[in-house]
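Please read the structure below before turning to the comments.
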Ligand code: GLU
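Residue numbers (our numbering): 33 to 322.
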């Protein structure tokens, strides 16, 4: 199977920038004859009622998807199995560092600033015993490379850093980077379309996919929507959701299509002319109506 997907976190309402990315993801999938899947990334940051409002907004926009909505909160067994498989091959280690300790330590020789300095990578059994009494360990990947290249329809070949990323946090929660890779592999997702704030995470995710015997997907990292001040668009910027805009008599679909250089009243209208390589490379500056 070959599929694309949209994978929102139900932490609040989708704004026009998120909806625009969802539309591009749908167009990329449908245009290439792929299935389009919807996955709710609800491992943390869940706001009551947000999931249903997000799904309703996607339907209002005219998007459809194949199969049932998948929720990460219902897939713990898959993540645990992936962790066990990595651990069985010596690719996981316990890490006891606090954020502050990582921040204060000198960076790893090849890593970008702030990347994990390798503090707990080679603890002895005795050292680990001592530290286990201090706090619960996070589990990190024992990465065997410090960079990896991905293919992106808008960014070309993009090479970026890979570090010993967290797979399971100290509080036991599965890390987003592990869940997203396991899910995409298990769901047959071979095309990942999402906001370009995640471009720098793609190399480590693609590398992790190879360790789980999956072929990394091809990527489309879509420029974000910004407010008039050049910051990432957010709810506090005013009328940015479908409901806010509808209240002001504004039909969001046309605005979103226009921001992609397209005209039409429904997603299907855009399909015939859609070419992802021609969408604007700059962020979309959205000034909400008063
Ligand atoms: N759940 C992530 C978000 O809403 C997106 C993850 C992804 O598309 O890989 O930012």
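Don't be surprised by glycine CBs; every beta carbon is placed ideally from N, CA and C.
Item to check | Closest Cα partner of residue 181 within the set 235, 167, 218 | outcome: 235
Checklist entry - Are residue 98 and residue 68 close, meaning C-beta to C-beta below 8 Å? => result yes
Next on the checklist: For the beta strand (DSSP E) containing residue 179, name the first residue and the last one.
Outcome noted: 179-184
Next on the checklist: Suppose the cutoff is 6 Å on Cβ atoms and the five residues either side in sequence are ignored; what does the same chain contact list for residue 40 look like?
Outcome noted: 86
Checklist entry - Should residue 83 be listed as close to the ligand GLU, given that the test is whether its C-beta is under 7 Å from any heavy atom? => result no
Checklist entry - Regarding residue 230 and the ligand GLU, is the C-beta to nearest heavy atom distance less than 7 Å? => result Correct: residue 230 has its Cβ closer than 7 Å to the ligand GLU.
Item to check | residue 39 Cβ short of 7 Å to the ligand GLU heavy atom set | outcome: yes
Checklist entry - Leaving out five residues before and five after residue 94 in sequence, what residues of the same chain have Cβ atoms less than 8 Å from its Cβ? => result 285, 298, 299, 300
Checklist entry - Quick check: the segment 184-203 against the segment 213-220, are there 3 or more CB pairs under 8 Å? => result By the C-beta criterion, the segment 184-203 is judged not to be in contact with the segment 213-220, since fewer than 3 inter-stretch pairs fall below 8 Å.
Checklist entry - Going by C-alpha distance, which of 263, 318, 219 is nearest residue 71? => result 219
Next on the checklist: Since residue 49 and residue 306 should fall inside the 8 Å C-beta cutoff, what is the C-beta to C-beta distance between them, to a whole number of angstroms?
Outcome noted: Contact flag wrong, Cβ pair sits at about 18 Å.
Checklist entry - Among residues of its own chain, excluding the 5 on either side of residue 243, which ones have a beta-carbon nearer than 7 Å to its beta-carbon? => result Only 118, 123 meet the Cβ criterion.
Checklist entry - Taking 7 Å as the line, does the beta carbon of residue 308 fall inside it for any heavy atom of the ligand GLU? => result no
Checklist entry - Based on Cα-Cα distance, which residue from 37, 304, 45 lies nearest to residue 273? => result 45
Checklist entry - Which of helix, strand or coil does DSSP assign to residue 193? => result Three-state DSSP puts residue 193 in a strand.
Checklist entry - In its own chain, which residues sit with a C-beta less than 6 Å from the C-beta of residue 171, not counting the 5 before and 5 after it? => result 124, 199, 200
Next on the checklist: Runs of 4 residues minimum, wholly inside the segment 48-133: which ones carry the alpha helix (DSSP H) assignment?
Outcome noted: 48-63, 82-93, 108-120
Item to check | Endpoints, beta strand (DSSP E) assigned at residue 208 | outcome: Not the beta strand (DSSP E): residue 208 falls in the alpha helix (DSSP H), residues 208-218.
Checklist entry - DSSP puts residue 238 in a beta bridge; with which residues? => result None, per the DSSP bridge assignment.
Item to check | Residue closest to residue 58, alpha-carbon to alpha-carbon, out of 270, 96, 283 | outcome: 96
Checklist entry - With residue 256 and residue 222 assumed to form a contact (beta carbons below 8 Å), what rounded beta-carbon distance in angstroms separates them? => result Not a contact, Cβ separation roughly 24 Å.
Next on the checklist: So if DSSP puts residue 306 in a beta bridge, which residue, or which two residues, is it bridged to?
Outcome noted: In the DSSP output, where bridge partners are listed per residue, residue 306 has none listed.
Next on the checklist: With distance defined between alpha-carbon atoms, name the residue in 309, 112, 74 nearest to residue 63.
Outcome noted: 309
Item to check | For residue 224, three-class secondary structure by DSSP | outcome: strand
Checklist entry - If you check the beta carbons only, do residue 293 and residue 311 fall under 8 Å apart? => result yes
Checklist entry - Name the DSSP beta bridge partners of residue 200, please? => result 171, 206
Item to check | Straight-line gap, residue 202 to residue 169 (C-alpha atoms, nearest Å) | outcome: 5 Å
Item to check | Inter-residue spacing [alpha-carbon to alpha-carbon] between residue 108 and residue 38 | outcome: 20 Å
Checklist entry - Given residue 104, which residues of its chain have a CB within under 6 Å of its CB, disregarding the five upstream and five downstream residues? => result 73, 74, 75, 211
Checklist entry - Exposed or buried, residue 165, counting other C-beta atoms within 10 Å across all chains shown (16 or more means buried)? => result exposed
Next on the checklist: Ignoring anything shorter than 4 residues, give me the alpha helix (DSSP H) runs that lie fully in the segment 251-280, in order along the chain.
Outcome noted: 274-279
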